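Read through the structure below, which is laid out as structure tokens, and then see the notes.
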Amino acid sequence: MTAPSSAGRTDGTDHADGFEGPDGNARPGGIALPDVGALPEGTDRPAGVSRTEGADRLPRPRPAYEAHTWREIAHLLLNLPVAVFGFVYAITALVTGGTLTLTVIGLPLLALCLLGARQLGKLERVRARRLLGVRVEEPTPLPLARGGGPGERLWMALKDPVGWRTLLYDAIRLPWGIFTFCIVLASLFVLWPVLPYLARALTNVDRAMVRGLLSPSDTLERRIAELESDRGVVVDTAAADLRRIERDLHDGAQARLVNLAMGLGLAKEKLLEDPDAAAAMVDEAHGEVKLALQELRDLARGIHPAVLTDRGLDAALSSVATRCTVPVTVTVDLPARPAEAIEGIAYFTVSELLQNISKHSGARSASVDVWRSDDRLLIQVRDDGRGGARLDGGSGMRGLAERLGAVDGLFAVDSPAGGPTVVTTELPWRDRKA
Numbered sequence: 038m039t040a041p042s043s044a045g046r047t048d049g050t051d052h053a054d055g056f057e058g059p060d061g062n063a064r065p066g067g068i069a070l071p072d073v074g075a076l077p078e079g080t081d082r083p084a085g086v087s088r089t090e091g092a093d094r095l096p097r098p099r100p101a102y103e104a105h106t107w108r109e110i111a112h113l114l115l116n117l118p119v120a121v122f123g124f125v126y127a128i129t130a131l132v133t134g135g136t137l138t139l140t141v142i143g144l145p146l147l148a149l150c151l152l153g154a155r156q157l158g159k160l161e162r163v164r165a166r167r168l169l170g171v172r173v174e175e176p177t178p179l180p181l182a183r184g185g186g187p188g189e190r191l192w193m194a195l196k197d198p199v200g201w202r203t204l205l206y207d208a209i210r211l212p213w214g215i216f217t218f219c220i221v222l223a224s225l226f227v228l229w230p231v232l233p234y235l236a237r238a239l240t241n242v243d244r245a246m247v248r249g250l251l252s253p254s255d256t257l258e259r260r261i262a263e264l265e266s267d268r269g270v271v272v273d274t275a276a277a278d279l280r281r282i283e284r285d286l287h288d289g290a291q292a293r294l295v296n297l298a299m300g301l302g303l304a305k306e307k308l309l310e311d312p313d314a315a316a317a318m319v320d321e322a323h324g325e326v327k328l329a330l331q332e333l334r335d336l337a338r339g340i341h342p343a344v345l346t347d348r349g350l351d352a353a354l355s356s357v358a359t360r361c362t363v364p365v366t367v368t369v370d371l372p373a374r375p376a377e378a379i380e381g382i383a384y385f386t387v388s389e390l391l392q393n394i395s396k397h398s399g400a401r402s403a404s405v406d407v408w409r410s411d412d413r414l415l416i417q418v419r420d421d422g423r424g425g426a427r428l429d430g431g432s433g434m435r436g437l438a439e440r441l442g443a444v445d446g447l448f449a450v451d452s453p454a455g456g457p458t459v460v461t462t463e464l465p466w467r468d469r470k471a
């Protein structure tokens, strides 16, 4: 057979339908691939790839700006609508709340606006975190659940530094939002070669404002406020305890001692006239002395029981459990004795809870568990009563929660209707001094 000539294709296609390339091969469609370059000398060409197909190729196209630059530009363009909304909210809150303070709804409205400002600050921190990469922690939530009555909660919201700083942030952002929006929008058409550097400089100002006004720098302020509140609780508790001791002395032991003195005086007068009657009066006075001593011992136990000082929580709680009207199982698992103050608070907390079980629960059994977890002393009191216990139920649990909060403790009640009731208490662990 003879080789096909250049006048035709091996597949029978007419030469007029193709174009002969530099390598002698016909190219279909009348289009030839140009010889844009050869492989470097000493480089083998892959099988099936011609010299033109193996030539160097251009890099893949990419956008002019990096992704972080586009995020910064988006943040600056969003500054205007966000700043307008925040400015309107801040001015409306301040003017309306300040004006209506002359009425009964003014302060509650202002407190509600401050709580709303907290949410606006949260959204701004999210926007800065996602578009600017600013890692700002969330401020501590307001402990409204622990704040006593409506008046205390209202005052807590009104003096919230986070809400006030957020209102300040929203109020001063409007001029800056207008400025950044106009600069970036104009730069997209006129100064686009330097826009990445301009966007970085402008967003650095935004980062500084977010860190300065929306960061949780109120931790120390919040701690000071909590300590001030706790100090008030401690003072009130101490005053209430003093009044209780004074009342118990006046109505109990003091009254018995007065009766004892009067009885001995009458016995002395009848000693010569009627020795038998005098002896009966002395016997009665002796009984009064015993009762007065018992009341004084109970009073001293209420201040600080001797068994707690001598033998610790295990023996003291077992002694309290014997006075409960239902069987109580006491389990104390402590590696050592805590500080005297913590030990005393734990004792009186369990004592109060067992008294509530005796009076209100209708339970058939109860249990007390005490253990240590890391730097916390945990107490759990459980009963199988009717349930329905609440902090505001008038059973003294509210006072217990306030006393524990004064020493950085926690008090939780889980008491569904029908029972069981589980009260969990946490106290900070402090080692006992030698």
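Under this note's numbering, the first residue of the sequence shown is numbered 38, with each subsequent residue one higher.
Built from N, CA and C at the ideal position, the CB exists for glycine as well.
The model shown is predicted, which means the values in this text are computed figures rather than measured ones.
Within a Cβ cutoff of 8 Å, which residues of the same chain sit near residue i, ignoring the five residues on either side of it in sequence?
{"i": "Ile128", "result": "Ala208"}
{"i": "Arg467", "result": "Pro375, Ala376, Ala378, Ile379"}
{"i": "Val391", "result": "Just to set this straight, residue 391 is Leu in the shown sequence, not Val. Closer than 8 Å at the Cβ level, and outside the excluded window around Leu391, lie Val357, Ala358, Arg360, Cys361, Val365, Ala403, Val405, Val418."}
{"i": "Arg474", "result": "Because residue 474 is not part of the residues shown, which for the chain are 38 to 471, the question remains open."}
{"i": "Lys307", "result": "Ala314, Ala315, Met318"}
{"i": "Thr136", "result": "Gly143"}
{"i": "Phe226", "result": "none"}
So residue i and residue j are supposed to be a Cβ contact under 8 Å. How far apart are they, rounded?
{"i": "Ser404", "j": "Thr366", "result": "4 Å"}
{"i": "Arg469", "j": "Pro342", "result": "Actually they do not touch by this definition, with Cβ atoms about 17 Å apart."}
{"i": "Leu415", "j": "Tyr384", "result": "With 8 Å as the limit, Leu415 and Tyr384 do not qualify as a contact, their Cβ atoms being about 15 Å apart."}
Look up residue i in the DSSP assignment and give the residues it is bridged to.
{"i": "Glu463", "result": "Leu415, Leu447"}
{"i": "Thr366", "result": "Ser404"}
{"i": "Asp420", "result": "Ala403, Thr458"}
{"i": "Asp468", "result": "Pro375"}
Going by Cα to Cα distance, which pick from the options is closest to residue i?
{"i": "Arg190", "options": "Glu161, Leu225, Leu144", "result": "Leu144"}
{"i": "Thr462", "options": "Gly422, Gly399, Lys396, Glu389", "result": "Glu389"}
{"i": "Ser252", "options": "Leu301, Leu131, Thr177, Leu137", "result": "Thr177"}
{"i": "Gly424", "options": "Ala449, Ile394, Leu415, Gly446", "result": "Ile394"}
{"i": "Gly446", "options": "Ile382, Arg401, Ala400, Leu195", "result": "Ile382"}
{"i": "Gly200", "options": "Thr386, Cys150, Leu328, Val326", "result": "Cys150"}
{"i": "Leu476", "options": "Arg164, Trp192, Val444", "result": "This structure cannot speak to residue 476, because the chain is shown only from 38 to 471."}
{"i": "Ser398", "options": "Val326, Pro364, Ala130", "result": "Pro364"}
{"i": "Arg162", "options": "Met246, Gly188, Gly442", "result": "Met246"}
{"i": "Ala322", "options": "Val295, Arg348, Arg401, Leu345", "result": "Val295"}
{"i": "Asp197", "options": "Pro180, Pro187, Leu211", "result": "Pro180"}
{"i": "Asp325", "options": "Leu297, Pro312, Asp313, Ala315", "result": "For clarity, residue 325 is Glu in the given sequence; the question names Asp instead. Glu325 has its Cα closest to that of Leu297, out of Leu297, Pro312, Asp313, Ala315."}
{"i": "Met472", "options": "Pro312, Asp311, Val319", "result": "A question about residue 472 goes unanswered here, because the residues of the chain that appear run from 38 up to 471."}
{"i": "Ala454", "options": "Glu439, Ala426, Phe448, Pro465", "result": "Ala426"}
{"i": "Leu205", "options": "Gly135, Gly158, Ala104", "result": "Gly158"}
{"i": "Glu109", "options": "Val407, Ala315, Ala329, Val242", "result": "Val242"}
{"i": "Thr386", "options": "Leu441, Glu103, Asp411", "result": "Leu441"}
{"i": "Gln156", "options": "Arg202, Val132, Gly134", "result": "Arg202"}
{"i": "Ala194", "options": "Leu160, Leu152, Arg164", "result": "Leu152"}
{"i": "Leu222", "options": "Arg348, Trp107, Asp411", "result": "Trp107"}
{"i": "Asp412", "options": "Phe122, Pro465, Thr140", "result": "Pro465"}
{"i": "Phe122", "options": "Pro230, Arg348, Gly214", "result": "Gly214"}
{"i": "Ala352", "options": "Ile142, Ala304, Leu303, Val407", "result": "Val407"}
{"i": "Pro230", "options": "Gln291, Glu103, Thr368", "result": "Glu103"}
The alpha helix (DSSP H) that contains residue i, what's its start and end?
{"i": "Asp406", "result": "Premise fails: Asp406 lies in the beta strand (DSSP E), 403-410, not in any alpha helix (DSSP H)."}
{"i": "Tyr102", "result": "Unbroken run through Tyr102: none, as it is neither H nor E."}
{"i": "Gly153", "result": "143-168"}
{"i": "Gly188", "result": "187-195"}
{"i": "Ile209", "result": "198-224"}
{"i": "Asp243", "result": "232-250"}
{"i": "Ala426", "result": "Careful: Ala426 lies outside any alpha helix (DSSP H) and carries neither H nor E."}
{"i": "Thr359", "result": "350-359"}
{"i": "Leu308", "result": "Neither: Leu308 is in no alpha helix (DSSP H) and is coded neither H nor E."}
{"i": "Glu439", "result": "434-442"}
Examine the ligand GDP and report whether any of its heavy atoms sits within less than 8 Å of the Cβ of residue i.
{"i": "Leu294", "result": "Ligands are entirely absent from the displayed structure, and the ligand GDP is therefore not among its contents."}
With a threshold of 6 Å on Cβ separation, who are the neighbours of residue i within its own chain once the five nearest residues in sequence on each side are excluded?
{"i": "Thr217", "result": "Leu113, Asn116, Leu239"}
{"i": "Leu371", "result": "Arg409"}
{"i": "Val459", "result": "Arg419, Asp451"}
{"i": "Ala130", "result": "Cys150"}
{"i": "Leu211", "result": "Ala120, Phe124"}
{"i": "Gly85", "result": "With a pLDDT of only 47 at Gly85, under the threshold of 50, the placement of this residue in the model should not be trusted, and no figure is reported."}
{"i": "Ala400", "result": "Val363, Ile394, Asp420, Asp421, Gly422"}
{"i": "Ala449", "result": "Thr461"}
{"i": "Ser43", "result": "Bear in mind that the predicted position of Ser43 carries a pLDDT of just 40, short of 50, making it too unreliable to give a figure here."}
Can you name, in chain order, every residue of its own chain whose Cβ lies under 7 Å from the Cβ of residue i, other than the five neighbours on each side?
{"i": "Gly456", "result": "Asp421, Gly422, Arg423, Gly424"}
{"i": "Ser224", "result": "Leu232, Leu235"}
{"i": "Ala111", "result": "Leu168"}
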